[in-house]
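Just so you know, the sequences run in chain order A, B, C and D. Going left to right, the first sequence walks through residues 272 to 761 as our numbering numbers them. Going left to right, the second sequence walks through residues 272 to 761 as our numbering numbers them. Going left to right, the third sequence walks through residues 272 to 761 as our numbering numbers them. Going left to right, the fourth sequence walks through residues 272 to 761 as our numbering numbers them. For glycine and all other residues, C-beta sits at the position ideal for the given N, C-alpha and C.
Protein chains: 4
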Amino acid sequence: MKETEEGVVRSRFGKKMDETALMFSSSLDHDKNIFYYVILVDMAHILNLMKSLYVSEEEAKELLKAIIEIRNEGFETLGNYEDVHEAIEAKLIDKVGDSGRKIQTAKSRNDEIATCLRLFARDRLLLLMDSLLELRRVLLQIAIDKKDVIMPGFTHLQPAQPTKLSHHIIAYHDMFSRDFERMMQVFRRINQSPLGSAAFTTTSFEIDRERIAEFLGFDGIVDNSADAVSSRDFSIEAVFVGTSILLTLSRIAEEIILWTSEFNFIELPDEFASSSSIMPQKKNPDIAELIRAKSGRIIGNLTAMMSMYKALPLTYNRDFQDMNSLLYEALEISILSTGLMARMLDKIDFKEDIMDQKAGKKFTVATELANMLVRKANIPFRSAHEIVGRIAMQENASPSIDDIDRAAMEVAGRKVSESISKDDLEKALNPAHVVEATSGTGGTSEEQIKRMLDERILLIEEDEDKLSDIVETVSKKLEKLYSEVAGVID
Amino acid sequence: MKETEEGVVRSRFGKKMDETALMFSSSLDHDKNIFYYVILVDMAHILNLMKSLYVSEEEAKELLKAIIEIRNEGFETLGNYEDVHEAIEAKLIDKVGDSGRKIQTAKSRNDEIATCLRLFARDRLLLLMDSLLELRRVLLQIAIDKKDVIMPGFTHLQPAQPTKLSHHIIAYHDMFSRDFERMMQVFRRINQSPLGSAAFTTTSFEIDRERIAEFLGFDGIVDNSADAVSSRDFSIEAVFVGTSILLTLSRIAEEIILWTSEFNFIELPDEFASSSSIMPQKKNPDIAELIRAKSGRIIGNLTAMMSMYKALPLTYNRDFQDMNSLLYEALEISILSTGLMARMLDKIDFKEDIMDQKAGKKFTVATELANMLVRKANIPFRSAHEIVGRIAMQENASPSIDDIDRAAMEVAGRKVSESISKDDLEKALNPAHVVEATSGTGGTSEEQIKRMLDERILLIEEDEDKLSDIVETVSKKLEKLYSEVAGVID
Amino acid sequence: MKETEEGVVRSRFGKKMDETALMFSSSLDHDKNIFYYVILVDMAHILNLMKSLYVSEEEAKELLKAIIEIRNEGFETLGNYEDVHEAIEAKLIDKVGDSGRKIQTAKSRNDEIATCLRLFARDRLLLLMDSLLELRRVLLQIAIDKKDVIMPGFTHLQPAQPTKLSHHIIAYHDMFSRDFERMMQVFRRINQSPLGSAAFTTTSFEIDRERIAEFLGFDGIVDNSADAVSSRDFSIEAVFVGTSILLTLSRIAEEIILWTSEFNFIELPDEFASSSSIMPQKKNPDIAELIRAKSGRIIGNLTAMMSMYKALPLTYNRDFQDMNSLLYEALEISILSTGLMARMLDKIDFKEDIMDQKAGKKFTVATELANMLVRKANIPFRSAHEIVGRIAMQENASPSIDDIDRAAMEVAGRKVSESISKDDLEKALNPAHVVEATSGTGGTSEEQIKRMLDERILLIEEDEDKLSDIVETVSKKLEKLYSEVAGVID
Amino acid sequence: MKETEEGVVRSRFGKKMDETALMFSSSLDHDKNIFYYVILVDMAHILNLMKSLYVSEEEAKELLKAIIEIRNEGFETLGNYEDVHEAIEAKLIDKVGDSGRKIQTAKSRNDEIATCLRLFARDRLLLLMDSLLELRRVLLQIAIDKKDVIMPGFTHLQPAQPTKLSHHIIAYHDMFSRDFERMMQVFRRINQSPLGSAAFTTTSFEIDRERIAEFLGFDGIVDNSADAVSSRDFSIEAVFVGTSILLTLSRIAEEIILWTSEFNFIELPDEFASSSSIMPQKKNPDIAELIRAKSGRIIGNLTAMMSMYKALPLTYNRDFQDMNSLLYEALEISILSTGLMARMLDKIDFKEDIMDQKAGKKFTVATELANMLVRKANIPFRSAHEIVGRIAMQENASPSIDDIDRAAMEVAGRKVSESISKDDLEKALNPAHVVEATSGTGGTSEEQIKRMLDERILLIEEDEDKLSDIVETVSKKLEKLYSEVAGVID
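As structure tokens, this is what we get:
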């Protein structure tokens with residue numbers, strides 16, 4: 272809590288706040304996440320105050336210099352205040368006296384914090400999109416490198432049908448593509464400025480909300496001022512997209528854990544494994560386990576935020592404050608986990624031989640066998656399914672035409688051997704043939720894999736361009752702010 | 272479980288499934304939600320099988336007639352099966368014999384359920400968007416009707432500044448506008464067809480995935496077939512947008528509960544209130560309380576779905592099934608709650624006199640008084656804030672210029688009376704003046720309210736058009752399906 | 272809503288409730304869960320009213336006969352009302368006229384629903400404890416039957432050290448033992464009667480709260496009447512113990528899924544497996560997957576209930592109603608899942624050979640090898656760990672004394688061969704020896720396993736006795752109620 | 272990560288861990304919470320190793336001195352390691368060389384972390400129980416001081432019946448009494464030692480698990496060693512009891528927010544209120560809002576932990592690590608929030624006049640009026656309810672006997688005036704009489720309030736004794752440890 276004798280804030284009450292209560296209610300610990308955004312907002316705000324003549328050019332110069340000093344001194348030199356806004360205001364007053372007491376003209380902590388949260392979320396979403404693009408690139412590269420590697424595909428964690436590693440990996444890529452799209456859309460709703468809303472009705476000072484929004488790199492403003500300070504849907508949906516990404520990451524993580532276990536499909540890179548303090552032979556997939564855990568943690572963050580937000584009347588409530596650190600943490604987790612997964616996957620060694628060898632085990636070709644009976648012997652699918660089911664019961668992974676005839680007699684009352692050649696049977700039992708045969712759009716055939724890869728290479732390029740455009744637009748606006756600030760100072 | 276002797280499904284095992292296990296694992300109870308979608312899928316699938324010559328025209332006719340019969344007989348006449356897919360297949364076989372056994376050719380329950388879930392979610396999102404438009408219209412109408420009604424605005428549930436009811440209501444409208452936008456975007460990701468993915472690799476039968484997607488009113492297909500059957504992000508994000516809506520609904524609900532309580536700002540319509548079994552004088556806001564509760568419930572649905580989905584390896588896992596009923600319930604709740612809120616708000620009686628009378632109580636004009644001191648007497652804002660703070664401590668809600676001078680002397684060491692006219696003071700203390708003065712973009716002034724209302728009337732019209740376009744596009748595609756079905760049958 | 276002309280309830284308002292609002296707010300769908308408890312409460316209440324002379328003996332007789340009729344007619348014959356309390360009151364009035372209009376004397380829906388919820392939770396907890404005892408018995412029987420079966424134990428899902436199946440299974444038993452203890456404790460808090468609290472202040476009618484509590488089999492009363500009607504901590508903690516059980520069930524379920532997959536440790540019984548609609552060879556662990564999913568679902572139930580309950584002011588709020596169906600579902604899920612797991616485990620076939628054969632693979636004996644070096648060659652543990660780590664790097668699962676010497680030289684600068692006999696090495700490398708060597712309290716040695724089994728056999732017996740005692744106590748109290756009812760009727 | 276050249280841990284792999292991966296996986300940030308417990312465990316462990324002759328008395332002395340040095344140097348002087356266990360081991364080796372390399376003999380991080388978590392949770396539960404006792408004392412004192420203050424009681428936040436502030440406050444006390452009981456029970460399950468379980472099978476070194484448990488103040492051991500290292504139910508239920516407390520705290524917080532708002536029942540102490548940066552008249556209930564928010568946050572912690580724990584196979588998984596900081600935070604929040612609420616309530620000023628004056632407003636006496644009609648005029652309750660309902664419709668808060676007669680004629684076809692005296696009516700309409708009349712057990716009458724207060728004074732004393740006993744028992748055991756340590760060192 273402030274020690275300056277003026278008592279910048281909280282001057283009204285007879286008694287000072289209870290020490291524990293102050294500690295409990297202070298957000299300063301977490302405010303380091305938004306320190307630079309508060310500085311940024313103050314810069315733009317001072318320019319605005321100057322334009323509206325609420326501070327003179329001289330005062331503006333003084334204030335801007337001081338605010339830059341404060342930035343350079345860093346977050347750690349702020350004193351012990353309720354929050355970063357109070358701390359910076361006190362420091363400003365300390366540095367420049369009376370003109371510092373003008374900084375909150377036409378501004379409230381309500382619109383300021385909403386603005387800083389959006390700036391934070393905006394920048395973290397940009398970083399997250401960048402990480403996600405990297406992850407998608409890594410996935411695509413694996414799919415390209417291993418495009419012909421055959422492996423067993425699973426349903427219910429049981430070997431089900433032969434598939435290709437590339438097909439499997441593209442599935443993950445596509446999930447993340449949708450997350451990228453979600454982020455782009457969420458970004459547009461987040462990158463809107465609440466500044467100028469003051470407490471919640473705007474202010475009787477003349478302030479150009481659009482201009483300050485432009486200075487801060489926003490796409491526009493949150494129009495209604497009560498909405499601007501009392502909505503946190505932007506924060507919740509930012510965490511939701513993070514959660515969406517982590518849910519898919521947790522699925523890859525689970526597969527990494529399984530595949531380094533009895534599945535034995537991969538070898539972890541040393542850099543992403545740990546050993547044991549007691550069991551010297553161990554090579555543990557800790558990073559994958561922790562990413563899996565983080566998906567649970569971010570579910571908790573999202574749940575907590577929603578539970579806090581529920582049923583809060585308009586406009587500002589202090590409960591909002593406690594949502595902020597959950598936002599900071601959630602986006603941090605998302606960026607870290609996405610980046611780590613990309614780097615870990617990039618170095619994983621896929622054991623192609625073992626995958627290939629297991630692709631046909633446990634009679635994974637059964638479906639194709641049934642399909643062949645439908646096509647060649649004109650058996651209705653359900654009956655073909657039963658015929659093959661009987662063969663499967665006999666644990667005969669490699670049935671002869673006689674075996675099939677026996678089962679067909681039982682199920683359909685007729686033999687099928689006349690319609691089936693030995694070649695038909697061999698193909699149906701061969702995983703390499705089967706993955707070529709499942710050639711529907713989006714399937715495992717060579718042609719489909721190639722098409723999917725080609726399209727996704729282009730898609731990633733497009734998404735890179737989209738992201739670059741955004742970054743450039745934001746940067747240009749901020750540069751304009753910096754240049755105007757420089758113009759006043761010099 | 273089916274008792275027909277063919278044993279359509281599960282024929283392979285020696286022993287039948289445990290009765291309780293079967294009950295536990297059956298989804299039939301909830302499958303009524305997708306019954307018509309299964310029928311729809313079967314129609315489109317039969318046409319596809321016919322085109323690919325897997326069933327003859329005669330068989331297709333037989334099958335289509337039977338599937339329409341099954342639809343007309345209704346969900347309730349299905350027997351006791353593991354799920355609706357099995358039940359319908361069994362009924363088809365019962366009706367048309369061997370050609371019924373062909374219905375699962377080139378299709379798996381994996382792609383079928385993913386398709387039906389998307390069709391369900393699509394239609395519910397359309398209904399929800401429709402309800403949300405209605406709610407936005409009701410909100411806007413209230414804002415138009417009450418556009419000049421002054422009321423106290425709250426922060427921390429304490430009277431803070433005078434505001435207008437219309438401004439308050441527009442804030443809610445804008446939150447729902449963003450939800451509408453979210454739904455539109457989610458809709459595009461949902462309205463994609465997984466059909467033809469079969470188990471997860473597509474199928475070796477020739478099937479035109481794009482054609483069947485068109486028949487079902489989809490915008491396109493989910494390309495990678497493993498992604499198509501093993502992703503449930505679409506389901507989770509559909510529930511998330513419902514949750515987003517309900518969180519805002521819970522805030523209005525909370526205000527309705529408060530405003531019918533000691534706030535006394537509104538009178539509930541009889542149709543949306545209940546009495547007590549023991550206290551005859553009570554008029555309770557039960558509907559608002561239940562909507563508030565539903566926001567908690569849907570948080571639970573979302574949490575459960577994410578927790579279930581977390582760390583599931585590819586491709587299909589039975590856990591997915593248990594997510595479905597949470598989707599059904601969540602969207603049902605969202606539609607009902609949104610519709611009810613619209614109808615309840617439409618009939619609420621706002622007590623304008625009481626709002627107006629409380630608008631200036633508890634010194635809500637203090638901020639404007641401070642602002643006036645800044646502008647007229649050139650006091651730095653922080654000092655003006657302190658001056659007014661001292662007045663507020665004296666519980667003097669209507670200070671004289673002398674009072675202000677006294678406080679200004681203490682805080683700033685100078686009087687302000689020379690700079691301030693009686694008229695200045697009167698205006699600053701008058702809530703009606705204050706709400707006009709806060710005229711920043713998105714503020715409470717008459718001009719700003721008018722502008723916001725005008726823009727939102729147009730926005731709602733645009734959103735209505737967007738929704739109509741979607742409904743029309745889907746309908747036309749479905750009509751084409753029906754017409755092709757009719758062409759085969761007749 | 273009732274259509275009888277008296278308008279039993281809601282008589283005060285000018286307009287009837289909105290149809291959708293009524294549907295939305297009706298709890299009737301879920302009230303079937305408490306139907307018999309409402310009947311029970313009414314019985315006890317009528318006896319109480321008679322004792323206090325609020326109804327005559329003749330009226331009591333009439334009312335009791337009618338209430339038994341209503342019970343026999345069943346829940347389905349109740350009309351369309353807001354809830355089961357209203358419905359039964361209306362039916363009573365219908366059957367016996369004016370004396371029916373006395374049934375709510377000294378009673379409110381507030382205390383009635385709290386009472387019925389506690390009766391429901393009490394009975395379900397008893398069922399759940401019974402199921403849990405069965406599950407513990409099954410687990411213990413497996414541990415007894417397989418007490419010497421050696422298997423690899425896992426950390427991070429990597430083979431870590433040899434262990435015994437019985438030891439592994441006892442771990443699960445012990446987790447459930449704690450859940451049993453939790454349930455016993457929760458039971459005591461739940462089995463308390465709120466009845467007689469009326470709306471929340473008790474009533475001015477003379478009512479013997481202790482007597483009616485006795486009639487209903489409660490252990491006592493919830494003293495403070497506001498607490499009695501406005502607390503739902505009992506409901507939340509009942510769901511929490513269910514969640515605790517399901518979390519552990521989900522872990523066993525996960526292992527069942529893994530162990531039927533590439534681990535290949537078990538064979539599922541046909542009765543608890545399903546096949547595929549398209550892949551005839553599949554044998555899927557659906558029941559295990561669904562139990563795993565249910566743990567996610569019940570997390571959602573608990574989260575929803577807590578989120579609804581949060582920040583509700585005293586006393587009754589309609590939000591409470593929406594918590595009820597989550598309670599019903601959560602306890603139902605817990606009982607079903609526990610029972611199914613018991614029956615499934617009972618029939619699982621453990622592949623002892625495969626377990627045994629894998630027990631020593633992947634150098635799981637490394638820890639014991641290091642320990643032996645500590646004991647025999649006086650190498651500090653951390654150095655021994657490093658020595659063995661070097662051997663493990665060489666993928667030499669069966670090192671010679673020379674290998675060890677080489678590594679010891681590198682790490683500790685000295686050989687160890689003099690201190691180690693060939694027998695020492697063989698033992699350390701032999702999983703069967705290793706599991707005997709880890710003979711600390713609670714370890715895997717034969718003696719420890721035997722002790723643990725013996726103690727748990729006794730513990731289960733004790734827990735059975737505790738449960739029987741409770742059931743008997745409750746039953747006796749209810750019998751007294753029935754007998755008094757019979758006394759009045761005859 | 273460690274910089275010592277020996278490479279204490281993780282020596283086996285060719286490549287060092289990726290830097291970001293290391294940062295991501297390090298728990299060191301949060302390990303400060305358990306630093307002193309690790310020291311404690313090491314002390315006890317060293318004594319155990321000495322007793323079993325794995326270290327000499329001289330080595331033990333050296334190690335104990337070093338471990339005390341490390342404690343005194345503090346957590347902050349630990350280097351950059353994966354976790355606190357590694358860091359301390361490295362520092363020990365640094366200080367005492369080879370004997371330091373013996374510290375992990377017969378110990379694994381698996382049993383060590385489980386032990387430290389239980390020690391942490393144990394101590395925090397003791398603090399929390401202490402805070403909760405303080406809160407209960409404060410509540411009881413308010414109830415004693417204000418025992419006759421009448422106020423309106425609410426259902427659905429609508430004035431419902433007159434009640435007493437003391438009755439209302441006792442309800443909260445009783446909710447917290449149950450939480451205290453829960454904590455006592457949870458404490459018993461938590462205060463059990465996993466130490467000696469090593470990785471999960473115990474160890475082949477001779478270790479006295481019971482003795483070390485005694486040294487650490489545990490009540491006993493977690494028997495099965497796999498259970499001991501792979502269960503986190505103790506951690507989850509510790510957070511659950513915290514959540515249970517916070518849910519009730521959030522309800523009081525909500526009432527504080529309401530009661531300082533338009534309800535106007537209380538005045539907040541300055542020490543627990545904040546002002547506004549822009550609105551100088553504001554006095555905001557920030558602490559209450561933040562406590563309300565914390566209930567949402569801890570719901571998130573619990574949800575996250577359960578979601579992480581779900582479906583983890585035995586035994587240790589790295590996911591467990593990420594649950595720990597959620598435990599630390601949850602218990603910290605619980606202790607802080609409970610303590611703050613106690614101190615805030617202690618200083619709240621209750622506006623007795625306003626409560627009293629509002630007690631009878633909005634016809635809260637209606638129920639008693641109906642009850643009086645039942646008793647005096649022998650009207651069935653449902654009819655009396657309707658009669659009073661009609662009066663309530665006329666907004667006549669103070670009906671005459673004529674008014675009642677008119678309504679009685681309409682509803683019951685007869686007058687009641689002959690049975691009702693003026694005194695009867697006056698009493699029924701007088702809140703002070705009504706709260707005396709609701710004199711059932713646990714009701715609002717003077718006698719009941721007195722009884723409840725007396726019993727709770729005793730109950731708190733009993734609970735204080737129970738808590739003291741536990742603290743003393745734990746302390747004595749720890750003193751024995753310290754004394755043995757001193758014995759070796761000196």
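Ranked by Cα distance from Met626(A), the first of Ala663(A), Ile662(A), Pro702(A) is Pro702(A). Within the same chain, and ignoring the five residues on either side of Ala655(C) in sequence, the residues whose Cβ sits closer than 7 Å to its Cβ are Ala641, Leu644, Val645. Straight across, the Cα-Cα distance linking Met550(B) with Glu542(B) is about 19 Å. Taking 8 Å as the cut-off, the beta carbon of Arg389(D) is found closer than this to the beta carbon of Phe505(D). Linking Leu597(B) to Phe306(D) through their CA atoms gives a straight-line distance of about 43 Å.
With a beta-carbon spacing of about 32 Å, Ser608(D) and Leu466(D) fall beyond the 8 Å limit used to define contacts. Along the stretch 467-495 of chain C, going in chain order, the ones with a CB nearer than 9 Å to a CB of chain D are Gly467, Ser468, Ala469, Ala470, Phe471, Thr472, Thr473, Thr474, Ser475, Phe476, Glu477, Ile478, Asp479, Arg480, Glu481, Ile492, Val493, Asp494, Asn495.
Judged by beta-carbon spacing, Ile720(D) lies within the 8 Å limit of His438(D), meaning their Cβ atoms are closer than that value. Below 8 Å, too few C-beta pairs join the stretch 346-362 of chain A and the stretch 422-429 of chain A to call them touching: fewer than three. Only residues of its own chain outside the window of five on either side were considered, and among them Asp450 have a CB closer than 6 Å to the CB of Ser515(C), listed in chain order. The beta-carbon of Gly660(A) is placed less than 8 Å from the nearest beta-carbon of chain C. Annotation: Glu623(A) has no Cβ neighbours in chain C at a cutoff of 8 Å; minimum Cβ distance is about 17 Å. About 4 Å separates the Cβ atoms of Asp498(C) and Ala442(D), confirming a contact at the 8 Å cut-off. With 16 or more other Cβ atoms from the protein chains shown falling within 10 Å of its own Cβ, Ser370(B) counts as buried.
Minimum Cα-Cα distance from Asp676(C) among the listed residues Ser669(C), Ile658(C), Ala663(C), Lys693(C) corresponds to Ile658(C).
Among the residues facing chain D, His427(B) is included, as its CB has a counterpart in that chain under 8 Å away. In this structure Ile461(D) does not touch Leu397(D) by the C-beta definition: roughly 10 Å separates them, more than the 8 Å allowed.
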